[in-house]
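**Student:** All residue numbers for the sequence shown refer to the working numbering, where the first residue is 657 and numbers rise by one.
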Amino acid sequence: MAHQAKSAIVGLGYSAIGKVYGRTGTSFALEAIKNAMDDAGLKKDEVDGLLIQHGITPCIGLGLQNAGAFKNLRLVNHMNAMGATPATMVQYATMAINEGLATNVVCVFADVPLRDPNAGAGASMFGARDRKIGRAHV
């Protein structure tokens, strides 16, 4: 008997990537979510699940649902499984869809380690002189 999939990744979105200053994690995340919804052909009111993870800076959290004006969410979770979080998010979304808890789940990661254009991310967070980039993807 062949396995019939009940869920699939249908959209991909990302925000500006690189040495991007002056933006919040929320703005990166919402840009990535919009791009993913456009890619999938979904409207905001069709999204009923939101799984969130921030990077090394705590730049997004459960308030993202309000900032993004998501009104039909039945599933919201701020997840952290360290390096395994992206795979865990997909598993969690798949289980939610298979069990009827949600139909369209957004999985989003955002980080904004750069604060000062003249200092690296390490200097911004830890006083070191490392360089990192700000980014978000869904």
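In this text, a Cβ means the ideal position worked out from N, Cα and C, and glycines have one as well.
1. Is D704 buried or exposed, if buried means 16 or more other CB atoms sit within 10 Å of its CB?
2. Classify A696: buried if its beta carbon has 16 or more other beta carbons within 10 angstroms, exposed otherwise.
3. Enumerate in chain order the residues of its own chain whose CB-to-CB distance from G667 is below 7 Å, with the five nearest sequence positions on each side excluded.
4. Using the Cα positions of C763 and K662, report the straight-line distance between them to the nearest angstrom.
5. Does the distance from the C-beta atom of I716 to that of G739 stay below 7 Å?
6. Within 7 Å of any Cβ in chain C, is that where the Cβ of T713 sits?
7. Output yes or no for whether 7 Å exceeds the beta carbon distance between I708 and P769.
8. To the nearest angstrom, report how far apart A758 and N774 are at their CA atoms.
9. Classify L686: buried if its beta carbon has 16 or more other beta carbons within 10 angstroms, exposed otherwise.
10. With a Cβ-Cβ cutoff of 7 Å, do T744 and A752 count as a contact?
**Tutor:** In this structure, then:
1. buried
2. buried
3. A692, M693, D695, A696, L698
4. Between C763 and K662, the C-alpha separation is close to 17 Å.
5. no
6. Here there is only one protein chain, and chain C is not present.
7. no
8. 44 Å
9. buried
10. no
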